[in-house]
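Undergrad: Numbering (the working numbering), first residue to last: -18 to 161.
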Amino acid sequence: MDNIFPLGSPISLSYTGVALTAVASVCMPVTVQQMRSQEKSIYLKDYYQYIEPIRVDFFSNVESKINSFKHLSNNWDGFGADVPDDKVINNSIKFASNLPDAIRSEINPESVVATPYGTIVFDIEHNEDLISIEIGEKNIGFFSDFSDSDNISLDGVLFNPNNLPIELVSAFSKLYLQSN
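Below is the structure:
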């Protein structure tokens, strides 16, 4: 009787090298022998109906990159660089997370950098065109480098995470519409 699992106990199964954990939920105790006989009837397709596939959230990589700037120390570049403070980091995360999914998915974590001025820059490229956006404590600014040389830019204006400047919206439209 020492091979009996009480009701509700976690039990482990192994099927072709995949370990499964289940909870006994039968009307009577389950013995190891009963579990071994049931083990053959568990198919992976049956198991997968109860789990969600793992989704890779590329934005979490961008957010991690932004948060990594918290670990910089003053003079991090050897030339007196300022560290982005918490307000700049929070503004940058809000900015990126409020972008439409199509744009947010285009952000490469390697193209998000801290500047020596304590701001954070996002370089968003599509084909051979670029928009470079700088986020500070209170302001947002950007410039573009379009292949047709009809560039759009904006010096620092008050940052509102819920309302992008119309010039930036126009630049995003041009970045994605002109090349299609």
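By construction, the Cβ of each residue, glycine as well, lies at the ideal position given by its N, Cα and C atoms.
Which residues share a DSSP beta bridge with valine 102?
TA: Paired residue(s): Val94 and Glu115.
Undergrad: Thinking C-alpha only, which one of Asn143, Tyr98, Arg85 and Gly137 is nearest phenylalanine 153?
TA: If we check each option's Cα against that of phenylalanine 153, Arg85 comes out closest.
Undergrad: Can you find the residues in the same chain that come closer than 7 angstroms, C-beta to C-beta, to glutamate 109, ignoring five residues on each side of it along the sequence?
TA: Closer than 7 angstroms at the Cβ level, and outside the excluded window around glutamate 109, lie Ser128.
Undergrad: Comparing alpha-carbon positions, which option in Lys46, Ala83 and Asn79 lies nearest leucine 158?
TA: Taking only the C-alpha atoms, the option nearest leucine 158 is Ala83.
Undergrad: At a cut of 8 angstroms, does the segment 122 to 142 reach the segment 90 to 97 through at least three beta carbon pairs?
TA: Cβ pair count under 8 angstroms is below three, so no.
Undergrad: Return helix, strand or coil for alanine 3, following the three-state DSSP convention.
TA: Reliability of the predicted coordinates at alanine 3 is poor, the pLDDT of 44 falling under 50, and the value obtained from them is presented with this limitation in mind. Strand, per DSSP.
Undergrad: Helix, strand or coil for leucine 120? Go by DSSP, reduced to three states.
TA: Looking at the sequence itself, residue 120 is asparagine, so the reference to leucine does not match. Asparagine 120 falls in the strand class under three-state DSSP.
Undergrad: Determine the direct distance from the alpha carbon of aspartate 67 to that of glycine 122, and round the result to whole angstroms.
TA: The straight-line gap from Cα to Cα measures roughly 19 angstroms.
Undergrad: Here's the rule: buried if 16 or more other CB atoms are within 10 angstroms of the residue's CB, otherwise exposed. What is phenylalanine 191?
TA: Nothing can be reported for residue 191, as the shown portion of the chain is limited to -18 through 161.
Undergrad: Check whether the Cβ atoms of valine 69 and glycine 117 sit closer than 9 angstroms, and answer yes or no.
TA: Yes, they are a contact pair.
Undergrad: Going by the beta-carbon positions, is the gap between serine 73 and isoleucine 101 smaller than 9 angstroms?
TA: Yes; because the gap between Cβ atoms is below 9 angstroms, this pair is in contact.
Undergrad: CB proline 97 to CB aspartate 58, shorter than 9 angstroms?
TA: Their beta carbons are under 9 angstroms apart, which means proline 97 touches aspartate 58 by this criterion.
Undergrad: For leucine 149, which three-state DSSP category applies?
TA: Helix, per DSSP.
Undergrad: Please state the DSSP three-state secondary structure of serine 134.
TA: If DSSP states are grouped into helix, strand and coil, serine 134 belongs with the strands.
Undergrad: Could you please give the first and the last residue of the uninterrupted alpha helix (DSSP H) stretch that includes aspartate 197?
TA: Beyond the ends of the chain as shown, which are -18 and 161, falls residue 197; an answer cannot be given.
Undergrad: Using 9 angstroms as the threshold, is the C-beta distance between lysine 155 and phenylalanine 140 below it?
TA: No.
Undergrad: Identify, in the order they occur along the chain, each residue of the same chain with its Cβ nearer than 7 angstroms to the Cβ of alanine 95, setting aside the five sequence neighbours on each side.
TA: For alanine 95, where only same-chain residues beyond five positions count, the Cβ hits under 7 angstroms are Phe50, Leu53, Pro65 and Ile101.
Undergrad: Please classify valine 43 as buried or exposed, where buried requires at least 16 other C-beta atoms within 10 Å of its C-beta.
TA: Buried.
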